[in-house]
Amino acid sequence: MSIKTDHRHLYLQVIDRLKADIEKGIYRENEKLPSEFELSKKLGISRATLREALRLLEEENIIVRRHGVGTFVNPKPVFTSGIEQLSSISSMIENAGMTPGTIFIDATESEPTEDDIERFQCDKDDQVLTIERVRTADEEPVVYCLDKVLAKHLPADYVQNRKVSIFSSLEQAGDIHVAYAVTYIDPVGYHEQVSPILNCGRETALLVLKQLHYDDNDRVVLYSKNYFRADKFSFHVIRKRV
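Quick note: the sequence shown, position 129, residue 130 per our numbering, numbers continuous.
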């Protein structure tokens with residue numbers, strides 16, 4: 002049946018139709034869509050119109066096109082959050098009705114790099130603690146976390162008592178309160194180190210959140226680089242007109 006039922010641009014009608022078909026389960030998560038020839042014939046449109054609709058659907062992360070293989074329906078993210086407020090990964094997982102967990106990979110102290118000195122405004126003889134962890138949801142790996150913090154800001158036994166959150170440890174060790182963060186989000190493809198840790202295939206994209214956490218005195222007290230599975234997490238921001 003043709004979708005030419007209203008006066009909007011055809012590619013907008015195609016987008017709505019395909020979204021509805023996915024919502025109804027006609028095309029399921031991770032399922033391959035019919036070929037462009039079959040879809041364009043079924044919808045009564047040109048392949049050029051279909052390609053424009055598929056391009057926009059891919060930008061919305063609803064589908065993924067794999068060169069030489071076909072077009073597939075992306076699974077809906079399990080965890081979603083706005084980035085206006087500092088919410089923990091654990092709370093996002095709990096809000097989805099799942100149990101959060103942590104697998105510690107490593108924690109090492111080292112001299113600060115030039116980037117660390119600039120970032121933390123620290124001395125060359127300060128020690129930087131680098132913490133590698135994997136966050137899990139119902140024991141499934143979903144986030145790889147790399148955190149950097151000045152060792153002097155954490156309790157001496159933090160590594161031994163690492164079940165306590167970094168935020169809580171910062172605040173109990175000294176006069177530090179994490180007030181806000183500046184976040185940069187970058188989409189990346191397959192990552193040779195991180196993707197295997199998160200059990201991701203080459204088709205699974207990652208979202209990298211780089212965050213500079215500031216205290217009430219506008220000092221950077223924590224640097225985080227978190228790799229989220231893009232098929233599990235989505236982030237949004239509310240923008241107000243001014």
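No residue lacks a Cβ here, since even glycine has one placed at the ideal position from N, Cα and C.
query: Cβ-based neighbour list, M2, same chain, cut-off 6 Å, excluding 5 preceding and 5 following; result: Note that M2 scores a pLDDT of 43, beneath 50, so its modelled location is shaky; the value from the coordinates is reported in the next line. Cβ neighbours of M2 beyond the five flanking positions: none.
query: Q212 - DSSP class collapsed to helix/strand/coil; result: strand
query: Burial state of Y159, where buried means 16 or more other Cβ atoms lie within 10 Å; result: buried
query: The segment 146 to 153 touching the segment 196 to 206, judged by at least three CB pairs closer than 8 Å; result: no
query: Integer-rounded CB distance, given that Q212 should sit under 8 Å from A182; result: 5 Å
query: Enclosing beta strand (DSSP E) for L130 [first to last residue]; result: 129 to 138
query: Closest by C-alpha distance to A97, when choosing among G69, T137, D127; result: T137
query: Beta-carbon spacing of I198, V143 below 8 Å; result: no
query: Closest Cα partner of D126 within the set E133, P76, I118; result: I118
query: For S41 and H178, the rounded distance between their alpha carbons; result: 57 Å
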